[in-house]
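Numbering-wise (the numbering used here), the sequence shown opens with residue 2 and increments by one. Backbone N, C-alpha and C fix where the C-beta goes; we use that ideal spot for every residue, glycine too. For reference, the structure is listed below as structure tokens.
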Amino acid sequence: MKKAITTSLILCILTLTSVAQSQDQQKLLDLDQGWEKALLESDVQFLDNILSESFIWVHNHASLIDGKKEVVGRAKNIQAGQADNTKGRVSRDQKVIILGNTGVVTGITVVDRGPRPVTYHFMRTYTIVDGRYLLLANHTMAIPDEELPGN
Numbered sequence: 002m003k004k005a006i007t008t009s010l011i012l013c014i015l016t017l018t019s020v021a022q023s024q025d026q027q028k029l030l031d032l033d034q035g036w037e038k039a040l041l042e043s044d045v046q047f048l049d050n051i052l053s054e055s056f057i058w059v060h061n062h063a064s065l066i067d068g069k070k071e072v073v074g075r076a077k078n079i080q081a082g083q084a085d086n087t088k089g090r091v092s093r094d095q096k097v098i099i100l101g102n103t104g105v106v107t108g109i110t111v112v113d114r115g116p117r118p119v120t121y122h123f124m125r126t127y128t129i130v131d132g133r134y135l136l137l138a139n140h141t142m143a144i145p146d147e148e149l150p151g152n
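Dropping the structure here:
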């Protein structure tokens, strides 16, 4: 009898842990989609709120490294009328890994700036600060056309 109760208790704990993990994973996926949308729309408030003060974005082959100041500043400039040639951002194949207060989202983003879209692999690291996820780091790498599936 004790063994059955103990086994049932362990199964309940595992189920609750799995549900909580799935909810956190979905929360991070939704937040990450919000990041993509905010970049596309130059949403200054969202970007300012989601980025950690120590945020770092390493772009393709370290050709550019941005911090929070640069990302928010670029969005402010676009909102003030600076030209922006980004027509679309579409993510796919996202995966989420969570360990403690840290979550990593990886996947593919296709960015359309003309004349043809560029496909990037990304890895973004989120961390919980004061009860909410903040984006701590982003690494993006362009995938050459010849390395894309189907080419």
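When DSSP builds the beta bridges, which residues end up paired with Gly-68?
-> Ile-57
How about Thr-107 and Gln-95: are their beta carbons less than 8 Å apart?
-> yes
Start and end of the beta strand (DSSP E) containing Ile-109?
-> 103-113
Determine the direct distance from the alpha carbon of Asp-146 to that of Thr-120, and round the result to whole angstroms.
-> 8 Å
Span of the alpha helix (DSSP H), counted from its first residue to its last, around Asn-50 = 45-51
In three-state terms, what does DSSP make of Asn-139?
-> strand
Helix, strand or coil for Gly-82, going by three-state DSSP, please let me know.
-> coil
By how many angstroms is the C-alpha of Gln-46 removed from the C-alpha of Ile-144?
-> 30 Å
Please work out which residues of its chain come closer than 6 Å, Cβ to Cβ, to Glu-37, disregarding the five sequence neighbours upstream and downstream, and give them in chain order.
-> Arg-90 and Ser-92
If you run the structure through DSSP and keep just helix, strand and coil, what is Arg-117?
-> coil
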